[in-house]
Every structure is written in structure tokens, then in C-alpha cells.
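There are 2 protein chains.
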Amino acid sequence: MSKMIECLHQYTMETEEVIRKYLPPVEGFQKTVLDAMDYSVNAGGKRLRPLLMRECYRLFGGKSEEVEPFMAAIEMIHTSSLIHDDLPCMDNDTLRRGKPTAWVKYGYDMAVLAGDGLMIYAFETAAKAFSMGADPEKVGRSIGILAEKTGIYGMIGGQTVDVELAGKPIPREKLDFIYRLKTGALLEASLMIGAVLAGASEQEIQTVEEIASLVGLAFQIQDDILDVTGDPEVLGKPALSDEKNHKTTYVTLEGLEKAGKDVKEISEIAVSLLRSLDRNNQFLEELIIMLTDRKN
Amino acid sequence: MSKMIECLHQYTMETEEVIRKYLPPVEGFQKTVLDAMDYSVNAGGKRLRPLLMRECYRLFGGKSEEVEPFMAAIEMIHTSSLIHDDLPCMDNDTLRRGKPTAWVKYGYDMAVLAGDGLMIYAFETAAKAFSMGADPEKVGRSIGILAEKTGIYGMIGGQTVDVELAGKPIPREKLDFIYRLKTGALLEASLMIGAVLAGASEQEIQTVEEIASLVGLAFQIQDDILDVTGDPEVLGKPALSDEKNHKTTYVTLEGLEKAGKDVKEISEIAVSLLRSLDRNNQFLEELIIMLTDRKN
Numbered sequence: 000m001s002k003m004i005e006c007l008h009q010y011t012m013e014t015e016e017v018i019r020k021y022l023p024p025v026e027g028f029q030k031t032v033l034d035a036m037d038y039s040v041n042a043g044g045k046r047l048r049p050l051l052m053r054e055c056y057r058l059f060g061g062k063s064e065e066v067e068p069f070m071a072a073i074e075m076i077h078t079s080s081l082i083h084d085d086l087p088c089m090d091n092d093t094l095r096r097g098k099p100t101a102w103v104k105y106g107y108d109m110a111v112l113a114g115d116g117l118m119i120y121a122f123e124t125a126a127k128a129f130s131m132g133a134d135p136e137k138v139g140r141s142i143g144i145l146a147e148k149t150g151i152y153g154m155i156g157g158q159t160v161d162v163e164l165a166g167k168p169i170p171r172e173k174l175d176f177i178y179r180l181k182t183g184a185l186l187e188a189s190l191m192i193g194a195v196l197a198g199a200s201e202q203e204i205q206t207v208e209e210i211a212s213l214v215g216l217a218f219q220i221q222d223d224i225l226d227v228t229g230d231p232e233v234l235g236k237p238a239l240s241d242e243k244n245h246k247t248t249y250v251t252l253e254g255l256e257k258a259g260k261d262v263k264e265i266s267e268i269a270v271s272l273l274r275s276l277d278r279n280n281q282f283l284e285e286l287i288i289m290l291t292d293r294k295n
Numbered sequence: 000m001s002k003m004i005e006c007l008h009q010y011t012m013e014t015e016e017v018i019r020k021y022l023p024p025v026e027g028f029q030k031t032v033l034d035a036m037d038y039s040v041n042a043g044g045k046r047l048r049p050l051l052m053r054e055c056y057r058l059f060g061g062k063s064e065e066v067e068p069f070m071a072a073i074e075m076i077h078t079s080s081l082i083h084d085d086l087p088c089m090d091n092d093t094l095r096r097g098k099p100t101a102w103v104k105y106g107y108d109m110a111v112l113a114g115d116g117l118m119i120y121a122f123e124t125a126a127k128a129f130s131m132g133a134d135p136e137k138v139g140r141s142i143g144i145l146a147e148k149t150g151i152y153g154m155i156g157g158q159t160v161d162v163e164l165a166g167k168p169i170p171r172e173k174l175d176f177i178y179r180l181k182t183g184a185l186l187e188a189s190l191m192i193g194a195v196l197a198g199a200s201e202q203e204i205q206t207v208e209e210i211a212s213l214v215g216l217a218f219q220i221q222d223d224i225l226d227v228t229g230d231p232e233v234l235g236k237p238a239l240s241d242e243k244n245h246k247t248t249y250v251t252l253e254g255l256e257k258a259g260k261d262v263k264e265i266s267e268i269a270v271s272l273l274r275s276l277d278r279n280n281q282f283l284e285e286l287i288i289m290l291t292d293r294k295n
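Here the protein sequences line up with chains V and G, keeping their order.
With numbering that gives the first Met the number 0 applied, the first sequence has no gaps in its numbers, which climb one by one up to 295 at the end.
With numbering that gives the first Met the number 0 applied, the second sequence has no gaps in its numbers, which climb one by one up to 295 at the end.
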């Protein structure tokens with residue numbers, strides 16, 4: 000596993016470089032919004048989505064740079080959602096990863112526009128793959144997946160239901176919907192786009208979508224578990240914050256024990272699905288296990 | 000000209016139908032945001048951008064339905080920008096076309112998400128052209144144009160500078176930038192995408208971009224003129240609102256006489272460029288003249 004950590008460190012740095020390469024320069028009359036976009040993308044993060052995308056691309060034998068614009072694009076989309084989530088009218092968060100959120104630093108109006116700007120720039124970036132010698136049909140399909148998994152039938156749809164039900168009791172059915180869309184959808188896009196660009200079969204694309212969906216769910220349940228059992232020092236946030244906020248979580252609905260059992264079961268299914276593909280990417284397998292079995 | 004008006008009425012109705020066809024159904028857990036999106040798109044409007052796109056597509060001999068997803072997409076993008084522009088942190092408008100704005104009707108958070116949702120759904124919709132038998136390279140290029148003209152180097156870039164300079168004196172150079180990006184960019188995208196999909200040459204695509212840019216500028220200057228000389232009844236807004244808001248406009252910078260002269264000159268150049276293409280679309284020509292010579 001220590002080789003895995005070393006690898007993860009190296010791959011994360013490479014991913015950072017790809018993201019930086021595709022970010023627009025901070026200059027011109029619209030400098031403020033470009034600065035806000037740059038600040039938000041560079042505020043840190045695990046770069047999980049682009050990392051997963053590249054590893055899935057490699058899993059199916061992908062070897063070219065055509066995946067890079069999509070790696071940058073998915074991180075831009077993820078960041079844009081964080082900028083809008085932090086707004087006063089949404090979660091009203093003033094700090095993210097220990098730094099002032101975009102609206103605190105650049106103003107409410109600029110934060111709305113920076114989120115919009117990143118969201119659109121993600122598609123502008125993804126479209127660059129067309130001029131990189133990639134198969135236009137595969138690039139086109141990948142853009143379609145990116146939009147679908149980001150929009151109202153993906154991440155934004157999940158966010159909508161989450162916002163509407165804030166502070167209210169949530170039935171299991173709707174909690175599953177929120178977890179699947181808000182957390183899972185972008186992970187699904189990451190693996191699916193990697194697979195599509197590398198030329199995977201329809202069956203394989205469907206399987207990685209399922210794997211990503213399971214990983215997203217396990218990741219989210221683990222989040223709920225850590226809120227109860229985790230060390231606030233390691234987590235970087237106060238313990239029992241969900242309980243204090245009267246938030247419905249997987250743990251409040253199903254109990255701690257069942258939640259732990261389910262995470263284990265879900266991640267085992269994900270791994271066995273990955274193995275069923277009969278392709279080899281040891282790093283991807285260990286990354287998936289790490290994601291569902293994390294301590295922070 | 001009365002035949003033109005009849006034609007415009009007919010084409011606008013056809014465009015409405017195309018837009019309606021591509022709007023997502025208002026159902027499911029995320030119903031509220033879908034309702035807000037639907038409400039905002041159906042709040043009215045001249046549907047100029049999709050109309051111009053289809054006429055430019057026809058100008059270059061386009062005959063298929065592949066242009067339709069893009070017609071719907073550009074109207075979704077335009078609407079999403081109106082939703083975010085109306086937010087309290089931006090223009091703080093409570094009414095648009097006599098109806099409550101999205102944030103008044105659905106709440107601040109839902110309006111942010113409805114704008115995001117429409118922006119992304121525009122790309123999801125445009126990507127549908129890939130499965131309509133259209134040339135994937137042309138569709139790909141059109142998606143790239145849509146993103147570029149919408150984002151920080153297009154509409155959102157113009158909006159950013161406009162918001163930052165609100166209430167401050169604006170030099171001519173920046174006013175041109177705002178007009179070119181905030182108003183012009185989506186018109187450019189409309190004509191360019193029509194041309195690209197219909198298979199126009201690089202030279203022709205460049206020419207329609209220039210035409211659209213000129214039309215956008217003339218349209219915007221005419222707006223400033225009407226604010227001073229127009230009939231409030233016909234305009235649907237109080238006279239001299241720019242002056243009351245201490246707003247820098249083309250008229251405050253250059254005077255009413257020069258503004259009028261410039262509009263005439265700019266629209267004449269646009270029409271002569273259109274004629275230089277040596278293609279025939281009388282309706283498009285008359286539409287461009289009408290846009291730059293309007294009374295409301």
C-alpha cells in the first residue's frame with residue numbers, strides 16, 4: 000500500500016499540472032472573474048475525478064493526450080459547483096479548506112459569475128479534444144456524458160433536492176437520489192468518459208458507470224459514518240455536525256452498524272465488478288478501496 | 000415589409016415549437032428546478048437568436064433538423080443569463096416582461112440552480128445533434144463556438160465587466176468591450192453555428208461573425224438612443240432611465256446625433272457584408288435591418 004501512496008502522490012501532481020495547463024490566463028478586462036476562477040480551482044482538493052478518469056482511460060488501453068482536456072473540464076465543473084454551493088443563498092459558507100470562499104473574497108456577484116464562467120469553460124476546454132486528433136464521435140459522446148451527469152439529471156439535480164430538503168426529514172428513497180446524483184454523477188462521468196475515449200465497449204461503459212455509482216454511494220455513507228465516529232482533528236471539521244444540524248443521513252436512517260456493513264458490501268461489489276472487466280489496473284483498484292475505506 | 004412581418008410571426012411560432020420540443024419535462028424529485036427553468040424559458044422573448052441561427056443555416060443551404068438542438072440550446076443559454084442577471088446580487092430585478100423574476104417566484108437558491116441547470120442543459124441539448132446524423136466534426140465545432148461565445152471570452156466576460164463598472168464612468172474602449180461581448184457574442188454564435196452546420200467556408204463563417212458583431216453593436220446603440228428618444232409606452236419602461244441611473248451609454252459618450260449616424264452606418268456595413276456573400280435570404284436581410292432600426 001505504501002507504493003500506492005507514492006503513486007497517488009505522483010499522479011496527483013501530474014493531474015495538477017494538466018489542470019493548470021488548461022486554466023485560462025488571468026488577464027484582460029475580465030481579470031477579476033478569471034482571478035476568482037483561478038483562485039477557486041487552485042484552492043486545493045484531491046483531484047479525484049480527473050485522477051479516476053485517467054486511470055479508467057488507461058484501464059482500457061488509452062495512451063494519448065486526448066483525455067487531458069476532459070480531466071481539466073471535470074475539475075472545473077466540480078469547482079464551479081463548490082463556488083455556487085458556498086453562496087449565502089445556499090450553504091452560506093465563508094471558509095473552504097481553510098481559505099475564504101469565492102463570494103467572501105470576490106463578492107457575491109463575481110462568485111455567481113465565476114461559477115458560471117468555470118461551468119462554461121469546462122465545455123470550451125472539453126471541445127479542445129476535437130482538434131487533438133481524437134475521434135470526433137467519441138469526443139462528442141463524452142461531451143454529452145459530461146453535460147448529462149453535471150446537469151439536472153446529475154449533480155445539479157441532486158443539489159436541488161438537497162437544498163429543498165435542508166433541515167427537513169428525508170425518506171431513504173430521496174436520500175439515495177441525492178447521494179446518487181450529487182456525489183455519484185460526476186464520478187460516473189469521470190469513469191465513463193475515460194472508458195469512452197479509450198474505446199471501451201458499450202457493456203464495459205455500463206459496468207464502469209455502475210462501479211462509479213457504487214463508489215459514490217460508499218464514499219457518501221462513509222462520510223456520514225466519519226461524522227459520528229471520526230477524529231475531528233483528522234477530519235478538519237467538528238464531530239457530530241450532522242446531528243447538531245438535525246441532518247438526515249444514512250447513519251440516522253439505518254444506524255451506525257448497518258451503515259458500516261453496507262459500505263463494506265458496496266465497495267466489495269464495486270471491486271468485483273472492476274475485476275470482472277478482466278483488465279489490469281492495480282492502482283485503480285487500490286484507489287477505489289481507499290476511497291470507500293477512508294478516515295478523512 | 001408587411002410580408003416580412005407575417006413571415007416573422009410564422010417563423011417565431013416555429014421557433015417556439017422547436018424550443019418547447021427540447022425543454023425537459025417538469026417531473027421527478029427535481030421538479031422545482033425544472034419548473035423554474037420551464038417558467039423562465041416560457042416567459043416570452045423575441046427568440047431572436049434561434050431565429051437568426053436558422054436563417055443563417057438556410058442562407059448556406061442547410062435543410063435538415065440538425066440545427067434544431069442548437070436553436071433550443073442558444074435560447075436556454077440566453078435565458079440562463081437573464082435568470083442570473085436578475086438575482087439580488089446582480090441587477091436585483093423583481094419583474095421581467097411583466098412577470099415575477101425566477102428568484103422572486105422560486106427563491107434565491109432555486110434561481111441560481113435553475114440558471115446553472117439551463118446553462119448545462121443547453122450543452123446536453125446541443126450534443127443531441129451527434130445522434131441526428133449530423134457531421135460530428137461540424138457539431139463538435141459548433142459546441143466549441145457555443146461555449147466560447149457564452150463564456151468568459153463571450154457573454155459572461157461582458158457581463159463581468161458590466162457588473163464591475165456599474166455606477167462608474169466607463170471609457171469608450173470598455174463600453175465597446177461590454178457591448179461586443181454581452182450583446183454581440185451570442186448573436187455571433189447564432190450566425191456562426193448556422194453557417195458551420197450548413198457547411199459554409201471559413202471565409203463565410205468569418206463574415207457572418209462580423210455581421211453579427213455589427214448587428215449586436217447597432218442593436219445596443221439603438222437601445223441607448225431609444226432610452227432618450229423613445230416612447231415609454233412603446234418601450235415598456237420609463238424614459239431616461241439610463242440618465243437617472245447615471246449610466247454611461249453610447250449616447251452619453253458620443254451624443255445623440257453621432258449615435259444615430261453610427262447606427263445607420265454600422266447597419267449599412269452589416270447589410271453590405273451580407274450581400275457580399277452572394278447568397279439569397281431576403282428575410283434575413285430584412286430582419287437585420289429591422290433589428291437595427293427598431294422602435295422598441
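All residues carry an ideal CB built from backbone N, CA and C; glycine is no exception.
Note that the coordinates shown come from a computational prediction; the quantities given were computed from them, not determined experimentally.
- Each of E201(V), D84(V), A126(V) and K104(V) was checked against the Cα of D108(G), and the nearest Cα belongs to D84(V).
- For a Cβ distance threshold of 8 Å, nothing in chain G lies close to A72(V): the least Cβ distance comes to about 10 Å.
- Taking each of K30(G), R19(G), P24(G) and R293(G) in turn and checking the Cα distance to E163(V), the smallest one comes out for K30(G).
- Inclusion of F69(V) and A197(V) in the CB contact set at 9 Å is not warranted, their separation being larger than that value.
- Flagged as an interface residue toward chain V: I142(G), by a C-beta distance shorter than 9 Å.
- Distance check between F176(G) and each of R95(G), S275(G) and L213(G) places L213(G) closest, using alpha-carbon atoms only.
- According to DSSP, R95(G) shares a beta bridge with K98(G).
- Using a Cβ-Cβ cut-off of 9 Å, M89(G) is close to Y107, D108, V111 and L112 of chain V, given in chain order.
- If you keep only unbroken alpha helix (DSSP H) runs of at least 4 residues inside the stretch 131-176 of chain V, you get 135-149 and 154-163.
- Beyond the five residues adjoining it in sequence on each side, K173(V) comes within less than 7 Å, by CB distance, of V160 and L164 in the same chain, given in chain order.
- At a cut-off of 9 Å between C-beta atoms, D115(G) counts as an interface residue with respect to chain V.
- Unbroken alpha helix (DSSP H) runs of no fewer than 4 residues, entirely contained in the stretch 24-103 of chain G, are found at 30-40, 47-58 and 67-84, following chain order.
- Proximity to V270(G) across A258(G), K257(G), G259(G) and L286(G) peaks at L286(G), based on C-alpha coordinates.
- DSSP, read as helix, strand or coil, puts L22(G) in coil.
- Following the DSSP letters along the chain, one finds T124(G) inside the alpha helix (DSSP H) bounded by residues Y107 to A125.
- Rounded to whole angstroms, the gap between the alpha carbons of P168(V) and S275(V) is 38 Å.
- Beyond the five residues adjoining it in sequence on each side, I268(G) comes within less than 7 Å, by CB distance, of L213 in the same chain, given in chain order.
- In summary, T248(G) is buried, with 16 or more beta-carbon neighbours lying within 10 Å of its beta-carbon over all protein chains present.
- Leaving aside the five residues that flank P87(V) on each side, the residues in its chain whose CB is nearer than 8 Å to its CB run, in chain order, W102 and Y107.
- Straight across, the Cα-Cα distance linking R57(G) with I204(G) is about 14 Å.
- Per DSSP, L283(G) is one residue of the alpha helix (DSSP H) stretching across Q281 to T291.
- The three-state secondary structure of H245(V), taken from DSSP, is coil.
- Excluding its 5 nearest sequence neighbours in each direction, F129(G) has C-beta neighbours in its own chain below 7 Å: P135 and V138, listed in chain order.
- Secondary structure of D230(V) (DSSP, three-state): coil.
- Using a Cβ distance threshold of 9 Å, L186(G) and F218(G) count as a contacting pair.
- Three or more beta-carbon pairs separated by less than 8 Å are not found between the stretch 14-30 of chain G and the stretch 88-98 of chain V, which leaves the two stretches without contact.
- Counting only Cβ-Cβ distances below 7 Å, A211(G) has no contacts in chain V at all, with the closest Cβ about 19 Å away.
- DSSP, read as helix, strand or coil, puts S200(V) in coil.
- Counting only the Cα atoms, L117(V) lies some 15 Å from L112(G).
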